[in-house]
Each structure stands twice: as structure tokens, then as C-alpha cells.
Amino acid sequence: VRSLQDFLPFVTAPAQCADLLGFISIIWYYLPIIAGDRIALEALAFDFCRKQYLDKIYYSEARFTPFEVLGEQGSAFCLSYDEVMQTILKGFEKGCQTYGIKVRSLMSVLCEWNGDEDVRCKKTLEVMQKYKYDAQSNPCGVVGIDIAGNEAARVQNNVIFDQTFRAAKKLGFHRTVHAGEAAGAQSVLYAIENMCAERIGHGYRTVEDETIFNLVKEKNKYEEIRDGNSEFRDLSMIHFECCPTSSVCTNAVAHYQRFDAKWSSHPMVRFVAENIHFSISTDDPEVFQTTMAEEMAVCRHKMDMSYAQIGQCHIM
Numbered sequence: 002v003r004s005l006q007d008f009l010p011f012v013t014a015p016a017q018c019a020d021l022l023g024f025i026s027i028i029w030y031y032l033p034i035i036a037g038d039r040i041a042l043e044a045l046a047f048d049f050c051r052k053q054y055l056d057k058i059y060y061s062e063a064r065f066t067p068f069e070v071l072g073e074q075g076s077a078f079c080l081s082y083d084e085v086m087q088t089i090l091k092g093f094e095k096g097c098q099t100y101g102i103k104v105r106s107l108m109s110v111l112c113e114w115n116g117d118e119d120v121r122c123k124k125t126l127e128v129m130q131k132y133k134y135d136a137q138s139n140p141c142g143v144v145g146i147d148i149a150g151n152e153a154a155r156v157q158n159n160v161i162f163d164q165t166f167r168a169a170k171k172l173g174f175h176r177t178v179h180a181g182e183a184a185g186a187q188s189v190l191y192a193i194e195n196m197c198a199e200r201i202g203h204g205y206r207t208v209e210d211e212t213i214f215n216l217v218k219e220k221n222k223y224e225e226i227r228d229g230n231s232e233f234r235d236l237s238m239i240h241f242e243c244c245p246t247s248s249v250c251t252n253a254v255a256h257y258q259r260f261d262a263k264w265s266s267h268p269m270v271r272f273v274a275e276n277i278h279f280s281i282s283t284d285d286p287e288v289f290q291t292t293m294a295e296e297m298a299v300c301r302h303k304m305d306m307s308y309a310q311i312g313q314c315h316i317m
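Counting from 2, one number per residue, gives the positions in the sequence shown under the numbering used here.
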């Protein structure tokens, strides 16, 4: 590797991965490079803010897994949970002050872990409590929990994280679950009924089951919250976090290629038609080499969404 162009193929997704694991394997390649490195972690957090500002995104919730960037024990690049959190939050705070945006944190547990009994789940809940968002003392702090990774294997092997998510709800945190991406519509139903999910990461395969689709459709009404505790009040609807480019590149939506001219029967087209509550996002913009502007262009030109419909996706 002698240049950035030589390096990019190792850390960016091809136009078409065989499945979600093709994308995840890229993450496992670059994480060890930054793990345990204070300078890199703070710089990445700051640069995240810069890129959000340039993309005209003024409120973001950044999800990350502290455990995966602790570094190698006994080496010069080894950090504690506290050091990781303080370093990343410092980068976010500097970035927010510099660019005038807002960033909150989501703590991710991973499908590859051993469920509720995994010590990393318990530690995640502890870290969430210690670094919970506070407008004055911790403005980029934690507002919710997420689960990411190999959804298909988690579902197939029946690895359960229900108690972790119920505990997060009890502690006053929001919950978002990657579901209906690498596994079917039942994964979405399970997330709602058993993991207290308010938001669903992706959710495209909900269209495979009309009963589940209609359940989500019924929960599409947003009710404005005006009291002082709105930051941690449960959402009144089920919200899908949709990522157009990612959905096709990972084969979550298998019948299109990234550079096809039209994605006319993409599940998001039906979400628009039937008023499913969803937003447009970039998933991992560096890995997919995309921006919010490009994602909106995909929605406009490949899925024929109107500009009004695209705008509505960014309004709760």
C-alpha cells in the first residue's frame, strides 16, 4: 500500500457485497488500526462532526461499541472503557463547538456476543448510565442502546438480548434494533415485542409479511412532546432508519444493483406510499463512499420520491 487509493479497497465496500457479512468484514479490518489510539479516536470523533456539518446534518446520533476499540491489553495502545468514552466524547464536544451541530451517542451491543449473560452487555449498561446525556454536563452523552452485527446468525441461533434492552428502557434510554435487514419480518416483530424497540435499523424485509407490515403501519403517528423530559421520553411510533445505498450493496434488498437506473419496487417505495415512518441515512458513509446528498439523489431518481417526500423523511 503506497497511497490512499491503494488503501481504499481494504476499507470500503464493493458496489455489491454477497451479503451483510461482506460489509461487516470490512469493519473488522480497520477497527484494530484505531483501537487503543487516543489520538485517532478523538480525531475520528471530531472529523465525524466536520463531515456531518459539510453534509448539512445538524443533529446526529453516533453509534459505537467501546469494547471494540479498547486496544490490546498489555500493549502501548490499550485504553479502559472510561478512557475510550472520555476520548470520543471529547472529540464530539470539540466538533460540536467548532461546527455548531449537535451529536448524541448510542451504545451498540453486538449480535456476535453471547446474549444477556455476556459481561460486555452488563458493562455496556454501566457505561451508558455513567455517560448518560446531560445538556449541561455531558452534551454529547448517551441517549440510547443499539444492537448491530450479524443479525441473521443472532436470529438463527436464538441469541437473546431481551433483558439488556428492557433494562435500558427501565433506565430511561431509547432503543434501536437492527432488524429486517439480514433476517426476515419476524425479526422486526421480535424487536418491537421483546426488545422494546422504538426504532428499527433498516427494516426493509417487513414487506415480506402483511400482518407485521400493518402492525408497523398502525404505529406511524408522531405525537409532539413538549415537557422538559422529552430527550428520554419513548417515541410514540415505530420509526425505520433506512439507508438506500447500503440496502442494495449488502443485498438486504437483493433484486437491485447499486448502479441500476431504477429501484422501482424497493421497499422504501412502499414505505412512502403507505406512510410508514422512516428517515434517510447513510449507514456507514466512509465504507459505502456516500453522502446524505447522494442518498437523497438515489431516493429522487431511482425511487422517484418527490422532494417534498424526501424532506418529510427529515421531519419527525
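C-beta: ideal position from N, C-alpha, C; glycine also.
In the DSSP secondary-structure assignment, I148 is bridged to V110 and V178. Looking at the DSSP output, I201 bridges to V178 and F241. With fewer than three CB-CB distances shorter than 8 Å, the segment 242 to 262 does not count as touching the segment 211 to 219.
For I281, the enclosing beta strand (DSSP E) begins and ends at F279 to I281. Just measuring C-alpha positions, the residue of Q187, G185 and E194 sitting nearest R176 is E194. At a Cβ-Cβ threshold of 9 Å, E275 and F233 do not count as neighbours. The beta carbon of V12 sits closer than 8 Å to those of I27, Y30, Y31, E287 and V288, all from its chain and outside the five residues before and after it, given in chain order. Nearest neighbour of S106 by Cα position, chosen from Q74, P67 and R39, turns out to be P67. Under the DSSP assignment, E62 falls in the beta strand (DSSP E) whose first and last residues are Y60 to F65. Going by C-alpha positions, E224 is about 31 Å away from I161. In the three-state DSSP reduction, R39 falls in the helix class (H, G or I).
Residues M108, V143, I146, A169, L172 and F174 of the same chain have their beta carbon placed closer than 8 Å to that of M129, with the five preceding and five following residues left out of the count. Beta-bridge pairing by DSSP links V104 to S61.
Of the candidates S237, V104 and V208, the residue whose Cα lies closest to the Cα of A198 is S237. The residue among L190, A136, E296 and Y54 with its C-alpha nearest the C-alpha of H240 is L190.
DSSP, read as helix, strand or coil, puts G72 in strand. For K131, DSSP records no beta bridge to any residue.
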